[in-house]
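Below: one structure, written as structure tokens.
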Amino acid sequence: MDIPKTYDPREAEQRHYARWEEQNCFAPEINRDANAPVFSIVIPPPNVTGSLHMGHALQHTLMDVLARHKRMCGYRTLWLPGMDHAGISTQLVVSRELKKEKLSRHDLGREKFIERVWQWKHESGGQITKQMRREGASVDWSRERFTMDEGLSRAVREAFVRLYDEGMIYRGDRIVNWCPNDQTVLSDLEVEKVPVERGGKLYYLRYPLKTTDGGSRHLTVATTRPETMLGDTAVAVNPADARYLDLIGATLLLPIVNREIPIIADEYVDAEFGTGAVKITPAHDPNDYEMGVRHNLPQVVVIDQFARMTEAAGADFFGLDRYKARELVLAKFEELGLLEKVVDYEFSISKCERCKTVIEPLISTQWFCRMDELRRPALELMASERRPRFTPETPYEKVYTDWLENLRDWTLSRQLWWGHQIPAWHTSDGRVIVARSEAEARAKAGTDELTQDPDVLDTWFSSALWPFSTLGWPDETEDLKTFYPTSVLVTARDIIFLWVSRMVMDGLKFMDGSPFADVFVTGTVLDKHGQRMSKTKGNGVDPLDVFDKYGVDATRLTLASIGSTDTRWNDTQVESYRNFANKIWNAARFSLMNSEGATIGSGFEGEPASWALHDRWILSRLNRAAQSVDSALAAYDFYAAVQTLYHFFWDDFCDWHIELTKRDVTSDEATPERAAARSRLVTVLEQALRLLHPFMPYITEELWQRLPGVDERLLHTAYAGAQPTVMLTAYPQARIDLIDERAEWEMQMVIDLIKRVRNIRSELSLKPSEEINIIVGTTDERLQSLFGAESLGQIKRLTRAASVAVRPSLEGAPRASARAVLGAGVEVAVPLEGLIDFAQERERLNREREKLQKEAAKLEAQLSNPQFAERAPAEKVNETREQLADIAGRIQALSEMQEALV
RNA sequence: GGUCGAGUAGCUCAGCAAGGCCAGAGCGUCUGUCUUACAAACAGAGGGUCAAAGGUUCGAAUCCUUUCUCGACCACCA
């Protein structure tokens, strides 16, 4: 048996994924149990332009842990992968490529350009799917989907037509967020508010009153965008503002353009802000637009789609960039003596989330979706059933609900070429026909003279259908019936609105049920300074580098521990899990080096009571761990699950169980006892590998395959007939009957004794080679036989003691002994003639005693408080009394030990 | 402006929803070990007035209030 001393992750990572994939282990069809429960997850489809970052790695790890766990529990498990066509991003990527050839998309024309995008997709898109294989993600590649697939495109058209027919989608002129750089409209969610850089200014402009008597009164308005005054069609004041009561209804003469505009009254105006008078530009400001609608004000468009001034802005301004126009307007006001003042003012402006260009609000004809009827069922579902159930519940449940409550109409159209073209056709006589296909449109229109609407849909329109469009909707496929609704959605928090809420609304609309029961929101991986990792900052850590350096399994454990917490990334964490992987490797190495004659699943015959203490103990610990992991995963507490597994494997199994069992399994004689001990060891190891598998798929598979005699009989019954693999074994379910409190207590006493003696060895600087003798004083008969017989050999071996004498007390132990207290009534002495410095030893015991005395003082204070006995539960009071008694006993013992040293 | 979260050992984080088991883990630190699975290890040790101040309670890291410091999200005050 030649197993290297160090685990090499790369080898295992290369070996197993391809085999799992070839043998169809990831497909739900691998499950042969007709009555198997179903578990399904759809992946949040990454952008086809994207490459793997830590956020993906985090999500994927959590989803994979859940999927592998459920699969091992016998669920018919589907984790469906796929990608999003990512309209703007992808169009930009390909446009950039074209630019290298000195071409623009317009040179190619729409059709050729789209062909080019598909070509790009096939050649360079979807990097991320290759990277997901490295992660070990157990997704069913046979069901991989892309939002621009024909099937999903059909779903998009179907959904659009249905919503249109029900009057929820409409086309109209409204003020929208326009990106002058990308030349498209954007939804509110694609716009970000950023504090204006280099300090904002608020400009106070005077507008002269039109008077018949030639007077020179004026009204001052405050604005952050002076250039828009060219499009002003009114000035508004609050109807309750006493200062302006007499001016309501009067007329102003708009400077520079000399247009007559009215002074109107509107509740919207805040009298406290600025001068209490607001210039109204209905064509270039969302609020002014609303007010314009209320007051029937004309809309004068002075800025065009390139953010340049239009002809309507006047000859002096025509063609000027908006910011140049601002300077010119200010100069002219200055010249006219109408610029009252300029003050510093901090405010935020809207920018295109993608290209950071300042948004220009423009009136334009777009497609919109009314959200009222869509959101109502979602809000009702949350109110009545609290679905979907968010983890963590705070703040996400509230964030989600608040957003739905304040939702406004969704701008659906985009002026792009890459995406789902809107299924609407225009007739030459100006009618608009919405249909599932051009043929259907022709039939509806009664003419063949149709032009399809050039716009495409917001990428998120197709994403919103993802949980059912990927399963075949609108057809009633088997997959749809089986896997919808999905079990849980795992996602980052930044797309709760963009994606999660819209999936819920569309799921309720088209499938009559929420697309998932639970939503798990992952934390954010931050850099060491607590900053978000981002491409522009260049502070990201590449998961692939981490995989290379520490292995996939170690990285997965780190990510699983992160769960829903925002965490600063640090390599040392991964390093410690790499060490853990190596620990597993070596524990297996030891087991395998001593596995001749061993059979997995045997060695535990007969009644548990007949087994050795350490065997009862490890099974108790194993089942306890299984229980903890199970409840942790049910609560999506990945951190707790990892901690449990880590400490079970390292502390219980490696540090104690392997050590306790070492002599039996390494014995030179091939006795039946040795074979049984070896069988028990590999049996426990095999169970441990199963427990670890969802978190550490590679190392567990690598080692499992090396275990003696692994074959298809070890598989979960649902996977009968599959090739042997740990990923299709049954996940260990806690057997309550094997959780043995008594055995755990007894084992703990043995462990404590060994630790006490080791502590003495260390404090007195005894060489490891130096043999000692141990005297234990206790009147407890069980402990007497435990220390004196049952565990005697183990205690001797693990403390390197020549003898262990068990007596009712330490009385008569040599004066020159190091002593310690295990608990009330259990004491230990190690005779060390010539090695004990009595003063030092007394001091050591004194330190111990002082610690205990502090504790005792606390408890005494508590007990002497009459209120405590009165108000605290009796159980608590008793517990405290017992504690104090125990401590008092130990203090007493320590005092006597000190006296014995005098 | 609104809403919410976080501040616990040198570092990264648990614990807090249902208050009581001397406040936990990993890494780092100190001491000693190549004890035939593992030095990426083993054995042992030290380290925190749980951001600050009040309050509720027999009892608070955990509940309440205020303050300070970070952070996130939402927002139509020009």
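Heads up: the first sequence begins at 113 in the numbering used here, then just goes up one per residue.
Beta carbons: idealized from backbone N, C-alpha and C, even for Gly.
Small disclaimer: the values here were computed from a predicted structure and weren't measured.
Tell me whether residue i sits in a helix, a strand or coil according to DSSP, three-state version.
i, result
"histidine 396", "coil"
"asparagine 350", "coil"
"aspartate 433", "strand"
"threonine 296", "strand"
"methionine 617", "helix"
"tyrosine 662", "helix"
"histidine 330", "strand"
"valine 369", "coil"
"tyrosine 276", "helix"
"asparagine 651", "coil"
"glutamine 478", "strand"
"glycine 905", "helix"
"aspartate 196", "strand"
"arginine 766", "Looking at the sequence provided, one finds cysteine at residue 766 rather than arginine. The answer is helix: DSSP assigns cysteine 766 an H, G or I state."
"lysine 224", "helix"
"proline 307", "strand"
"lysine 453", "strand"
"proline 338", "helix"
"threonine 363", "strand"
"glycine 900", "helix"
"asparagine 990", "helix"
"tyrosine 380", "coil"
"lysine 322", "coil"
"glycine 1001", "helix"
"leucine 314", "strand"
Per DSSP, what are the beta-bridge partners of residue i in this structure?
i, result
"proline 943", "Ser929"
"phenylalanine 628", "Thr598"
"arginine 286", "Ser476"
"phenylalanine 258", "Met195"
"serine 915", "Asn885"
"threonine 189", "Phe151"
"threonine 890", "Val938"
"proline 880", "Looking at the DSSP assignment, proline 880 forms no beta bridge with any residue, so it has no partner."
Compute the distance between the beta-carbons of residue i and residue j, then report whether it is under 7 angstroms.
i, j, result
"alanine 930", "isoleucine 886", "no"
"lysine 463", "valine 306", "yes"
"serine 903", "serine 791", "no"
"threonine 563", "valine 288", "no"
"alanine 925", "isoleucine 948", "no"
"leucine 314", "phenylalanine 609", "no"
"proline 292", "alanine 424", "no"
"arginine 217", "serine 201", "no"
"serine 581", "alanine 267", "yes"
"leucine 669", "phenylalanine 807", "yes"
"alanine 752", "alanine 744", "yes"
"arginine 65", "isoleucine 415", "This structure cannot settle anything about residue 65, because the visible part of the chain is limited to 113 through 1014."
"proline 784", "valine 631", "no"
"glutamate 517", "serine 540", "no"
"serine 707", "proline 836", "no"
"phenylalanine 950", "leucine 1013", "yes"
"threonine 161", "alanine 198", "yes"
"valine 347", "alanine 389", "yes"
"arginine 680", "leucine 638", "yes"
"glutamate 472", "tryptophan 290", "yes"
"leucine 519", "arginine 487", "yes"
"leucine 793", "threonine 773", "yes"
Should residue i be counted as a contact of the ligand GTP given a C-beta to heavy atom distance under 6 angstroms?
i, result
"alanine 1005", "Of ligands this structure carries none, so the ligand GTP is not represented either."
Evaluate contact between the segment 443-453 and the segment 245-257, counting only Cβ atoms and requiring at least three cross-stretch pairs below 8 angstroms.
Verdict: no, contact absent.
**OP:** Could you tell me which uninterrupted beta strand (DSSP E) segments, each at least 3 residues in length, are contained entirely in the segment 488-574, listed from first to last along the chain?
**Re:** Fully contained in the segment 488-574 are the following beta strand (DSSP E) runs of length 3 or more, in chain order: 501-503, 536-539, 544-546 and 562-564.
At least 3 beta-carbon pairs within less than 8 angstroms: the segment 731-742 vs the segment 844-854: The segment 844-854 and the segment 731-742 touch, with three or more beta-carbon pairs separated by less than 8 angstroms.
Starting from the N-terminal side, write out each stretch of the alpha helix (DSSP H) that is 4 residues or longer and does not extend beyond the segment 683-730.
If we require 4 residues or more, the alpha helix (DSSP H) runs fully inside the segment 683-730 come out as 683-705.
_At 4 residues or longer, what runs of the alpha helix (DSSP H) sit wholly inside the segment 769-844?_
Listed in chain order, they are 771-778, 784-804 and 809-818.
**Message:** Using 8 angstroms as the cut-off, can you tell me whether the segment 371-379 makes contact with the segment 343-358, which would need three or more C-beta pairs spanning the two stretches below that distance?
**Reply:** Yes, the segment 371-379 is in contact with the segment 343-358.
Would you call the segment 231-239 in contact with the segment 485-500, where contact means no fewer than 3 C-beta pairs closer than 8 angstroms? Flag = no, the segment 231-239 and the segment 485-500 do not touch.
Handout entry: Cβ contact check for the segment 142-157 and the segment 592-599: 3 or more pairs under 8 angstroms
Key = Judged by Cβ distances under 8 angstroms, the segment 142-157 makes contact with the segment 592-599, as three or more pairs qualify.
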